[in-house]
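Participant: Numbering (our numbering), first residue to last: 9 to 578. First the structure, then my questions, so here it is.
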DNA sequence: TGCACCAGCGCC
DNA sequence: AAACGGCGCTGATGCA
């Protein structure tokens, strides 16, 4: 390994010229970061930038020592159309972006490539593990957590830094071969093109009304105190409603047979004892209190914003997952959502798909009834309600539509009669008998025969893998469950579509004040200047509809975009 | 005391 | 023949 440790702009220029002149325009890129929190791009800084190129010395650039000109030369090079190869590019892109370097496509992320290949198997995606798997090479990692802020870096540190960049080019070669063999190049490409959007969302964060959270916490606490007293008055003692053990023991001592301490089970026993209602209320309130306390905790005082981390292949299906702070599980209740607000003078543009998973199911299965319904612009929940109850579409009541909604989603998940009862009650407060549930299911599949045929076919396959319409492959360790085989292609196609939107959105918004704020599976939140809201609304809506049309050829797609002064507004 | 697990529940 | 999809977070529980 031929390495150059570079601390000076003139030397950098010389080598950078070699890089710019190389025949194959591919560069391995890696960063070492430092500071009080070297893993947080808003708190840490860049210490080293390492570059590797075919047949060229590896450059280990001591970034803080470059002068403005050197930093600018580096920026020019990294923003050029050379293929940048990184492992976990999101991390490096965020540090670079904060330092004024906006990494552009083409980007090849070896972590995402490995994740696409192994989707569902959940292997370690750390660089050393991926290198071991695909190149059978042991990459030492001892220096990873060493102190990168000290004046003099040790030879071991420099060697470590160089090696991480050096390995990226052979690793990319190998991964491309594997992706090609598995017909996953397109999916890997989509993942890499989604990166800038993820970087934007993580760096932008979302503004929180912190005073509002304090008020909410106080009111929830007070309500909880009252309900706890009420419960105490009935049972003569304090219990912890979060302890399933205590709840079960208490109710049994009061002569109530309980299946579990779950709210959905307890609520069915409401008439059996007066303690049950306050227990349920306390459960709801403790959960609310949990959120009210949690939301302000992560808000960074310097910016008043809450930052999340997205995992781009967080789910086997290809969906994003979100953590620390998990925006994807904020209660839908406006008391919570109204705490998330745009800056002064800005608004949110919020857009989501209408019934996306059912539309995808229609497309994938080719079910004639579903297709015809969507082509006529019908609402499928209403149609299902009408078909299972035998009344006209115009006669469908709200309650009937709720039943049908549970039925539609339940059937996408591959549920049986028993589970549908639980699901309908837990999610839609629809109480079904076993007989009703079974009748609903029978009628459902008599109506949607094409969907049934597709599900049966999916369930019969023995290979333990599934594919989305975007050709994303989902592997299951061992034998796949029926429910996974019928659901993952649908959920995964939804992810393909959303990622397609994310891959084009940063460029579409580039000429506007629009900033990508959040993505919640079938919903995208953008913040922009009030004046530009109608433009951004149109951009977002059309980006979503165009992207979906790439996958859904026979089903029309609708994205509903609206302008809002908080996340709560519909 | 710390850790691993799980029950339960928020979202789509 | 039947089949309970995908996440992350909290607090309780049980064990070392």
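Note that CB positions come from ideal geometry on N, CA and C, so glycine has one too.
Flag this pair as yes or no: are the beta carbons of residue 107 and residue 17 separated by less than 8 angstroms?
Facilitator: By one-based count along the first chain, residue 107 stands at place 99. By one-based count along the first chain, residue 17 stands at place 9. Cβ distance not < 8 angstroms, so residue 107 and residue 17 don't count as in contact.
Participant: Expressed to the nearest angstrom, what Euclidean distance is found between the alpha-carbon atoms of residue 213 and residue 396?
Facilitator: Along the first chain, read from residue 1 onward, the residue named residue 213 stands at position 205. Along the first chain, read from residue 1 onward, the residue named residue 396 stands at position 388. Whole-angstrom Cα-Cα distance: 45 angstroms.
Participant: Helix, strand or coil for residue 457 per DSSP?
Facilitator: Taking the first residue of the first chain as position 1, residue 457 is located at position 449. Looking at residue 457 - three-state DSSP - the assignment turns out to be helix.
Participant: Quick one: what's got a C-beta closer than 6 angstroms to residue 533's C-beta in the same chain, skipping five residues either side?
Facilitator: Within the first chain, residue 533 is the residue found at index 525, counting from 1. Within the same chain, residue 533 has close Cβ partners 356, 358, 525 and 526.
Participant: In the DSSP assignment, find the unbroken beta strand (DSSP E) run with residue 60 in it and report its ends.
Facilitator: By one-based count along the first chain, residue 60 stands at place 52. Element bounds for residue 60: 53-60.
Participant: Identify, in the order they occur along the chain, each residue of the same chain with its Cβ nearer than 7 angstroms to the Cβ of residue 228, setting aside the five sequence neighbours on each side.
Facilitator: Counted from its first residue, the first chain places residue 228 at position 220. Cβ neighbours of residue 228 beyond the five flanking positions: 293, 296, 297 and 300.
Participant: Can you tell me whether residue 570 is helix, strand or coil according to DSSP?
Facilitator: Within the first chain, residue 570 is the residue found at index 562, counting from 1. In the structure shown, residue 570 sits in a strand (DSSP, three-state: E or B).
Participant: Rounding to the nearest angstrom, what Cα-Cα distance links residue 291 and residue 234 in this structure?
Facilitator: By one-based count along the first chain, residue 291 stands at place 283. By one-based count along the first chain, residue 234 stands at place 226. The alpha-carbon atoms of residue 291 and residue 234 are separated by roughly 13 angstroms.
Participant: Which residues in the same chain as residue 528 place their Cβ atom closer than 6 angstroms to its Cβ, once the five residues preceding and following it in sequence are excluded?
Facilitator: Walking along the first chain from the start, residue 528 turns up at place 520. Once the five neighbours on either side are set aside, the close Cβ partners of residue 528 are 336.
Participant: Helix, strand or coil, according to DSSP, for residue 444 in the structure here?
Facilitator: For this step, residue 444 is matched to residue 436 along the first chain. It is helical.
Participant: Please tell me whether residue 579 and residue 20 are closer than 8 angstroms, where the distance is taken between their beta carbons.
Facilitator: Residue coverage of the chain in this structure runs from 9 to 578, which leaves residue 579 outside it and unanswerable.
Participant: Hey, how far is the Cα of residue 68 from the Cα of residue 417?
Facilitator: Your numbering for residue 68 matches position 60 in the first chain. Your numbering for residue 417 matches position 409 in the first chain. Approximately 53 angstroms between the Cα atoms of the pair.
Participant: Which residue or residues does DSSP assign as beta-bridge partners of residue 356?
Facilitator: Position 348 of the first chain, counted from the first residue, corresponds to residue 356. Bridge partners of residue 356: 535 and 572.
Participant: Provide the residue(s) that pair with residue 329 in DSSP beta bridges, ordered along the chain.
Facilitator: The count along the first chain starts at 1 and reaches residue 329 at position 321. 319.
Participant: Output needed for residue 61: all residues of its chain with C-beta closer than 6 angstroms, excluding positions within five of it in sequence on either side, in chain order.
Facilitator: Your numbering for residue 61 matches position 53 in the first chain. Correct list, in chain order: 27, 30 and 35.
Participant: Please classify residue 30: does DSSP put it in a helix, a strand, or coil?
Facilitator: Working through the first chain from its first residue, we reach residue 30 at position 22. The answer is coil: DSSP assigns residue 30 none of H, G, I, E or B.
Participant: Nearest-angstrom Cα distance between residue 167 and residue 105?
Facilitator: The sequence position of residue 167 within the first chain is 159, counting from 1. The sequence position of residue 105 within the first chain is 97, counting from 1. Spanning the two alpha carbons is a distance of roughly 26 angstroms.
Participant: Quick check for students: name the residue ranges of the beta strand (DSSP E) that lie wholly in the region 457-489, counting only runs of 3 or more.
Facilitator: The qualifying runs are 473-475 and 481-483.
Participant: Taking the Cβ atom as the reference point for each residue, do residue 59 and residue 173 lie within a distance shorter than 8 angstroms?
Facilitator: Within the first chain, numbered from 1, the residue matching residue 59 stands at position 51. Within the first chain, numbered from 1, the residue matching residue 173 stands at position 165. Closer than 8 angstroms, so yes.
Participant: CB-CB under 8 angstroms to residue 143, same chain, minus the five flanking residues each way: which ones, in chain order?
Facilitator: Translated into positions along the first chain, residue 143 becomes position 135. 175, 178, 179 and 182, listed in sequence order.
Participant: Considering only residues of the same chain and omitting the five flanking positions on each side of residue 209, which have a CB-CB separation below 7 angstroms?
Facilitator: Working through the first chain from its first residue, we reach residue 209 at position 201. Here the set comprises 318, 524, 525, 526 and 527.
Participant: Determine the extent of the alpha helix (DSSP H) in which residue 273 is found, giving its start and end residues.
Facilitator: The residue given as residue 273 occupies position 265 in the first chain. Where residue 273 is concerned, the enclosing alpha helix (DSSP H) stretches over 271-274.
Participant: Quick one: Cα of residue 191 to Cα of residue 198, how far?
Facilitator: Numbered from 1 along the first chain, position 183 holds the residue referred to as residue 191. Numbered from 1 along the first chain, position 190 holds the residue referred to as residue 198. Answer to the nearest angstrom: the Cα atoms are 13 angstroms apart.
Participant: Taking C-alpha atoms, which residue in 514, 473, 531 and 489 lies nearest to residue 126?
Facilitator: Position 118 of the first chain, counted from the start, is the residue given in the question as residue 126. Answer by Cα proximity: 473.
Participant: Once DSSP output is grouped into helix, strand and coil, what is the label at residue 368?
Facilitator: One-based indexing of the first chain puts residue 368 at position 360. Of the three classes helix, strand and coil, the one that applies to residue 368 here is helix, per DSSP.
Participant: If residue 425 and residue 446 are in contact, beta carbons under 8 angstroms, what's the gap, nearest whole angstrom?
Facilitator: The count along the first chain starts at 1 and reaches residue 425 at position 417. The count along the first chain starts at 1 and reaches residue 446 at position 438. Right, their Cβ atoms sit about 4 angstroms apart.
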